[in-house]
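Protein chains in written order, with my numbering: chain R, 125 to 335; chain A, 123 to 251; chain D, 968 to 1979.
Ideal placement from N, C-alpha and C gives every residue a C-beta, glycine not left out.
Since the model is a prediction, treat every value here as computed from it, not as a measurement.
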Ligand SMILES: [Zn+2]
C-alpha cells in the first residue's frame, strides 16, 4: 500500500458506515424548495473523488493519458473532461491540477498514477473530504454569480470549459463552466454552509429549486 | 481596487484575489551565519519607499497561489508590468527617467495634467479630507 | 392645496395621475413624473430648509444633483428614514413623506438665529471653534444642540425593512451620463459590438435633451432620446441603468454605481411591489474604457442675498418649466454672463408669466438667443448685473447696477426691479468630480472659463464635461468618444448617423463669479458661495487675509465644498474669489480634490448582503451538528465556530461555564474526554526535498525523523520571533503531514510557498492544504486506550504504539490515521478520518464511551489543560516579539543544523541575546482563589511611585480544578533566574495581587502521564 517516497492511504471504508457530504448540515437547516418556475437550480454533486495533482505538465500529461485516457489541460484556467463528462482535470496553476472523478475511484486512480509516474517529482493529494461540488443552473444563474463573484462570467469571458479559482462573496470558490447551461462551484467543506446560504439568498428573487 | 494581470494565470484578476508582500527582489544574504548584524538588520527591517516606480512582490493567493512581481507607480497607482519570479523588470525608475529626458510624455507623480502651476505646487499638495 | 405654479400644457408629467405627499407635516399633491422638488415648487413652497450655520431660510435652487438646499429626510416610518436625499433627485410617489433636514423645530421659524447673532452679523470662518471650544469641556454640550439645530440628517433607530445588494460587472465601455453625448457614445460603441453599460442618475435618460428648446431632425429632441434608448435596450450587449449614479471612479477603471431600484415607487421595496428584492444596488464595474459624459453644472452668480428663496439657477428654471410644467414664480429677473441662460427668460415668457428684465454683464451681447429675446420684447439691460436681492422670506426685488468687470467695482446708477424670482447664470462648470476621484487634477480652460477633466488612463471625456458646448458639438463629440472606445476595445467602426441640429450662434461669455457691490464683502449683505455649508465671499476673503493661501487650506478653514455637497455649485466661484483676493489667476490657485462619493450612498448599499447571517463566513467542522444537538456553547476562533464548553443541566440547573469547565478538566485528568480538533491547519508535504525544506523552516531538527514518527516543531520568521508551532508527522521518507495552529493555517501555507517560490525554487517539494479533508478527534485521558481499543484492531500497546508515533488503522469501520500526541499531558490519541465519515466515527466513540463516562470538552477546557502543562498557544503566550529562547525551548533549536534556517541568524543579534529579555514562566498567585487577569502588568516593587517599572505581563490565566487554585503563564524580565521570587500585579481598582514565579509546567513535570 505504500512506497518509500510517499504514503498512500485509502480513506474510503470497505463497509458502509454513515457518510455525510459537507452540505449535510445545511440541508437540515434550510428549507428545501422546488417551485414550479424556478429561475435558479441548485444541486450538490456530492461525495465525488477530488485529487490535487502537482508536478511538471509533461510527465503528468503522460501519466493521465495512460491512466485516465485524458490529456492534461495545459492552457491556464481550462478544463478537460472525459466523454461521459464524469471525470475532469482542471488547470489550477502552472504546476497544479484538480482532478474530479466519481466517488470511490480516487484511491485506485492515485495508486495507478503513482505507479505510472515512478520516480518523477510530483505530488498527489486526496482532498475528497475537504470539498464538494454545487451545480448551478437556470435562466438566472449568471445573475446569481454576478452578485457573488467579481470574475467576469459573461459567455465571452467565461466559455464552456473554463474554470478559475476566485473569491466567492467572502469565501473562495473554484468556478467552472460545465456546459452552456450549467456551472459547477467547487467549495471548501468548512465554508460550504456559508456558500450555500449565500447562493440561496442571492437566488431567492428568481425562485430557487434546491430539490 | 487594482486590476492585476497574473503572469501565471495569464489574465487580469481583481485585487481581492491577491496579497501584497512588500518590496520585490529582496535578497536574503547568501551566508547568514557570516553576515554582520548590520547586514542582517538591513535585510530584516529596511525597505525602499520611493515616490514613483516601485517593484513589489505579490501573491495570487486566491488563484494560482504563485508569487510574482509588479512594477507600480506609487503615485498614480498605475501598474506598468507584472512578471514571474526570477525575472527582472523592464521598466525601472532609471528607464523612466531616460524616457523623459528623451522627451517621451509620461505620467508625472499624479501631476499628469496641470491643475495648478508648478510654482504653486506646494500650496496644492493633496491633504486628505 | 392647489398646484398654483403648474402650467396647463407641456412637460413630461402625467396629469392623469395625481400623487399625494407630505412635506414637513403638510399634505400636498403632485403629478406622476414630478420630483419632490418640482412638486414642492408646483405647490408654491418657498422655504425648504434652514441653512447650516446662519439658519437662513432657503429654497430650491437647482434641478439636479447639484442642489445644495433641498436636502431632506425621507421616510414615512422610523424604520424607513433616509437622510440627505436631494428633493431634486427624488421621484415623487404616492404617500411620500419628507421633512427638511435642517428644520428643527420648524423651517418657518428662525430658532437658530441666536447663534447667528452671537457672532454679530457675520460669523467668521472658524466661528464654532473660536466661540464654543472654550471651555473645551462644554463643547460636548453645545455640539449636541448645534448639530441638532444645524441638522445633518439622522439615521433610523429601527432596523431597515429593506435589503440591498451588490452586482459585479465587466464591460468594454462604461458610459457615465445619458445626455446627448452619452447617448451618442453608447449608440456608437454598442453598434460596433462592444459590451456597453450606460448609466444615468435621473429617472429618465436624456439629460438636457429632455428640456431643451432645440430640435433634432426637426422634431422635439426627446423623440430622438426615445428612439435611441429603445434601440439600446434591445441590444444584448448593452446594459441600461437609469436611476443609477456613478459615485466613485477608482483605480484601473473601477467604477461604483449606485442604483436606486424601488425608491422612486414607494417607501419600501415590498410596498413598491418588489418584496424580497433589493431597494438599492451597488454595481461594481470594471471597465475597459470609461466615457465620462457627465455634462456641466451651471454656476450661480455670487451677489448679495443670493440665498433668499426665489434665487435660482437659470437652467433650473428652464428645466422646471419644460420638463415638469412648473413655473417657480410670477415675475422673473435673469442675471447672466452668457447667451445660453437666455432660454430661461424665453421659456418663462412662453409659460405666460412676466419677465421683468434680462440683466447681462456683457456690454454688447449679440448671439441668436439675445436677438430672439429682444425680438420678443424682453428688456435687456447690458453691462450690468443684479448686485443684491431684496426680500425677507422670498425675493421681492432685485437691485441692478452697472458694473466694471476689469476693476471689480459698481459703476453708474442703481435700478430697483420688482420681482419674485431671480435666475442667475455665471457660466458652466464641467462636472469633473469623477475624473478627480482618480487623483488627476482638472485642467483650467481659459476659453471655457472652467476646469475640464485631467487625463486618466482609459477614460475619454465627451460632450459638455470636455468643454464641447452646443448640441451639435456635444452629439458629435459623444459619437467620437463611443467610436474611439469601441476601437480601443478591439471593435471596428460602426455606422451611426447623428440627428440634424439647427445651428445656433452663441456670443462669447464673460468671466463673472462674484458680483461687485458698493460695500466691501465684509460689510455688504452676505454673498453666498457655498449654500450648503454657508460659506460666503467675505469668509473666503477673510481666510485669505488670515494667511490661508492654499485653496486646500481655504477649503478646510471655511468648509467650502465639504460634505455631501462636494462643491458642486460653489467650488469654482470660491476659487475665483480666492484668486482675486490673492491676486492670482484661477489656475494658479488650483482646485481642491473632489472625493467619492459624488452624491450620498446609503450604508445599506455599501454593505449589500454582507450583513446578518451572511456578515462573515461561519466555518463549521464535520461534527457541528452533534455539537449543536449536545448543547455546546460556541467560541469564535477566526471564522470557525468551535465548541467552547458543553454545559450540562444538573438538577434542572444549567451549569455555568466555570462549572462545566471544571467538570470537563477533571474528566480528562481522571477518565477520558474528547475534543473536536478538526480546525487545526493541516498541510500535506511531498517531494524528495520535503525533509530538507522542513529543516529550513522549523527551528529544530528533522533529518532523523523516521516514518511512523511525529515531532513538535517551532517556526520562526527570519527576525527570530516565533510565528507558529505544531506537530509534523513523517508519513514516508518524502512525505510529511504538518499541522499548524487553527488561525495560522492559511498563513503558514503561504509562508512555505513564499520561501519555496522566492528563495529555494530548486528544492523539489509540494505543499497542499488538507485542513478540510481530515476531521480530527482527540481522545484523551487515562481511559483513552481502553475506549479506543473497543473500536479498532490496531495494537495500542505502549510499546508497539509509542508516544509521538502515528499508525494507519480502521476505527469504527472507517480508515483512520491515529497520532499519539498530547496537548493535555494525558494519554491521547488524535484520530484523523476523511471528514465525510467523521460524524459516524464520533457517534461510535460515544456509543462505546458511555460506560467510560466519555466527556466532550471544548476550547476552554483545552486551554486550561494545556496551560497546566505549560504548553504555549502562539498568539496568546507569544506576540511576535518572543523567541524560542525566551520561551525556554532551547531543546527545539538546532543551532548546529547545516543550513542557516529561518530565524537562526537573528537569534544572535544584540537585541535577541541581551540579558534582560522577558522569559516565559509560570505564576502562582499567593491567594489560591485569585485568577489573575490576562494582560495584567507585573512589577517587582509594589511600593514604587507611579509610573511603575513594568517587568512583564500575564499571557494566560485560569483556575485549575486539578490543582485547586488559580495559575498563570507569563513573560517576566529574566524570569527563569527569578524562580521562587514574589512579583506584584497592581490592578486598576487599587488592589495588588502577589504571585510567585514558578516553572510554567504545573502538572506532571516529568511528562509521565502522556507516556503510559
Ligand atoms: Zn495566478
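Any non-hydrogen atom of ligand 1 closer than 7 Å to residue 1723 (chain D) Cβ: As a working mapping, residue 1723 (chain D) is identified with position 756 in the third chain. False, no ligand heavy atom lies under 7 Å from that Cβ.
Secondary structure, beta strand (DSSP E): runs of 3+ residues fully inside the segment 1930-1975 of chain D: 1932-1940, 1949-1953 and 1959-1965
Identity of the residue in D:981, D:1012 and D:980 nearest residue 994 (chain D) by Cα: Along the third chain, read from residue 1 onward, the residue named residue 994 (chain D) stands at position 27. Comparing Cα positions, the closest option is D:1012.
Partners in chain D for residue 215 (chain A), counting only beta-carbon separations shorter than 9 Å: Along the second chain, read from residue 1 onward, the residue named residue 215 (chain A) stands at position 93. Under the 9 Å cutoff, chain D gives no residues; its nearest Cβ is about 19 Å from residue 215 (chain A).
Residue 1140 (chain D) (DSSP reduced to helix, strand or coil): For this step, residue 1140 (chain D) is matched to residue 173 along the third chain. In the structure shown, residue 1140 (chain D) sits in a strand (DSSP, three-state: E or B).
Identity of the residues DSSP links to residue 1886 (chain D) by a beta bridge: Here residue 1886 (chain D) corresponds to residue number 919 of the third chain, with the count starting at 1. Under DSSP, the beta-bridge partners assigned to residue 1886 (chain D) are D:1939.
C-alpha distance - residue 1443 (chain D) paired with residue 1261 (chain D), whole-angstrom precision: Against the third chain, residue 1443 (chain D) aligns to sequence position 476. Against the third chain, residue 1261 (chain D) aligns to sequence position 294. Residue 1443 (chain D) and residue 1261 (chain D) have their C-alpha atoms spaced approximately 15 Å apart.
Contacts that residue 1615 (chain D) makes with chain R (C-beta to C-beta distance below 7 Å): Taking the third chain and counting its residues from 1, the one referred to as residue 1615 (chain D) is at position 648. Going along chain R, no residue has its Cβ under 7 Å from residue 1615 (chain D), so there is no contact; the nearest lies around 23 Å.
Within 7 Å of chain D by C-beta, residues of the segment 306-324 of chain R in sequence order: 312, 313, 314, 315, 317, 318, 321 and 322
Contacting positions in the segment 1210-1228 of chain D - beta carbon closer than 8 Å to chain A: Residues passing the 8 Å Cβ filter: 1217, 1218, 1219, 1220 and 1221.
Test item: CB-CB of residue 1696 (chain D) and residue 1796 (chain D) under 8 Å: Numbered from 1 along the third chain, position 729 holds the residue referred to as residue 1696 (chain D). Numbered from 1 along the third chain, position 829 holds the residue referred to as residue 1796 (chain D). Result no, Cβ atoms of residue 1696 (chain D) and residue 1796 (chain D) do not sit closer than 8 Å.
For residue 1438 (chain D), the residue or residues it bridges with in DSSP: The residue given as residue 1438 (chain D) occupies position 471 in the third chain. Answer by DSSP bridge pairing: none, since residue 1438 (chain D) is not bridged.
Contact residues within the segment 158-178 of chain A, judged by C-beta distance below 9 Å to chain D: 159, 162, 163, 165, 166 and 167
As assigned by DSSP and simplified to three states, the class of residue 1917 (chain D): Locating residue 1917 (chain D) in the third chain gives position 950, where the first residue counts as 1. Three-state result, residue 1917 (chain D): coil.
Burial state of residue 153 (chain R) (16 or more Cβ within 10 Å): By one-based count along the first chain, residue 153 (chain R) stands at place 29. With fewer than 16 Cβ atoms within 10 Å of its Cβ, residue 153 (chain R) is classed as exposed.
Beta strand (DSSP E) runs wholly inside the segment 1737-1792 of chain D, at least 3 long, in chain order: As far as the segment 1737-1792 of chain D is concerned, its whole beta strand (DSSP E) runs of at least 3 residues are 1741-1747, 1773-1778 and 1781-1786.
Residue 1977 (chain D), buried or exposed, once every other Cβ within 10 Å from all chains shown has been counted against 16: Taking the third chain and counting its residues from 1, one reaches residue 1977 (chain D) at position 1010. Buried.
Three or more C-beta pairs below 8 Å linking the segment 1771-1783 of chain D and the segment 1609-1622 of chain D: no
Interface flag, residue 131 (chain A) vs chain D, CB-CB below 8 Å: The sequence position of residue 131 (chain A) within the second chain is 9, counting from 1. False, the Cβ-Cβ gap to chain D never drops below 8 Å.
Residue-chain proximity (residue 1876 (chain D), chain A), Cβ-Cβ < 8 Å: The residue given as residue 1876 (chain D) occupies position 909 in the third chain. It does; some Cβ of chain A falls within 8 Å.
Test item: CB-CB of residue 1372 (chain D) and residue 1213 (chain D) under 8 Å: Working through the third chain from its first residue, we reach residue 1372 (chain D) at position 405. Working through the third chain from its first residue, we reach residue 1213 (chain D) at position 246. Cβ atoms of residue 1372 (chain D) and residue 1213 (chain D): not closer than 8 Å.
Nearest residue (CA-CA) to residue 295 (chain R), options A:138, A:207 and A:220: Taking the first chain and counting its residues from 1, one reaches residue 295 (chain R) at position 171. Minimum Cα distance to residue 295 (chain R) is reached at A:138.
Inter-residue spacing [alpha-carbon to alpha-carbon] between residue 1210 (chain D) and residue 1033 (chain D): To locate residue 1210 (chain D), count along the third chain from 1; it is residue 243. To locate residue 1033 (chain D), count along the third chain from 1; it is residue 66. Rounded to the nearest angstrom, the gap between the Cα atoms of residue 1210 (chain D) and residue 1033 (chain D) is 16 Å.
is_contact[residue 216 (chain R), chain A] using C-beta, thresh 8 Å: Residue 216 (chain R) sits at position 92 when you count from the first residue of the first chain. Yes, residue 216 (chain R) counts as interfacial toward chain A.
Per-residue burial, residue 126 (chain A) [other beta carbons within 10 Å of its own, 16 or more giving buried]: Counting from 1 along the second chain, the entry for residue 126 (chain A) is found at position 4. With 16 or more Cβ atoms within 10 Å of its Cβ, residue 126 (chain A) is classed as buried.
Closer than 9 Å at the beta carbon, the chain A residues around residue 1253 (chain D): For the purposes of this step, residue 1253 (chain D) is identified with residue 286 of the third chain, where counting begins at 1. Residues of chain A passing the Cβ test: 123, 125, 134 and 136.
is_contact[residue 303 (chain R), chain D] using C-beta, thresh 8 Å: Looking up residue 303 (chain R) in the first chain gives position 179. No, no contact with chain D.
Per-residue DSSP class, three states only, for residue 1400 (chain D): Here residue 1400 (chain D) is taken as the residue at index 433 of the third chain, counted from 1. Correct three-state label for residue 1400 (chain D): helix.
Residues bridged to residue 1025 (chain D) [DSSP beta-bridge criterion]: The sequence position of residue 1025 (chain D) within the third chain is 58, counting from 1. In the DSSP output, where bridge partners are listed per residue, residue 1025 (chain D) has D:1016.
Any C-beta of chain R under 8 Å from that of residue 208 (chain A): Numbered from its first residue, the second chain carries residue 208 (chain A) at position 86. Judged by the 8 Å Cβ criterion, residue 208 (chain A) is not in contact with chain R.
Chain R within 8 Å of residue 1711 (chain D), Cβ atoms only: Numbered from 1 along the third chain, position 744 holds the residue referred to as residue 1711 (chain D). Taking Cβ atoms only, chain R never reaches closer than 8 Å to residue 1711 (chain D), which makes this a no.
Residue 1410 (chain D), enclosing beta strand (DSSP E) - first and last residue: Working through the third chain from its first residue, we reach residue 1410 (chain D) at position 443. Note, residue 1410 (chain D): beta strand (DSSP E), 1410-1412.
Closer than 8 Å to chain R by CB, residue 144 (chain A): In the second chain, counting from the first residue as 1, residue 144 (chain A) sits at position 22. With 8 Å as the cut-off, residue 144 (chain A) does not count as an interface residue toward chain R.
Nearest-angstrom Cβ-Cβ length linking residue 1199 (chain D) and residue 1165 (chain D), presumed shorter than 8 Å: Position 232 of the third chain, counted from the first residue, corresponds to residue 1199 (chain D). Position 198 of the third chain, counted from the first residue, corresponds to residue 1165 (chain D). At roughly 7 Å, the Cβ-Cβ gap stays under 8 Å, so residue 1199 (chain D) and residue 1165 (chain D) are in contact.
Classification of residue 216 (chain R) by the beta-carbon crowding that lies within 10 angstroms, buried from 16 upward: Here residue 216 (chain R) refers to the residue found at position 92 when the first chain is read from its first residue. Taking all protein chains in view, the Cβ of residue 216 (chain R) is crowded by 16 or more other Cβ atoms within 10 Å, so the residue is classified as buried.
8 Å Cβ cutoff, residue 150 (chain A) in contact with chain D: Reading the second chain from its first residue, position 28 is the one you call residue 150 (chain A). Closer than 8 Å: yes.
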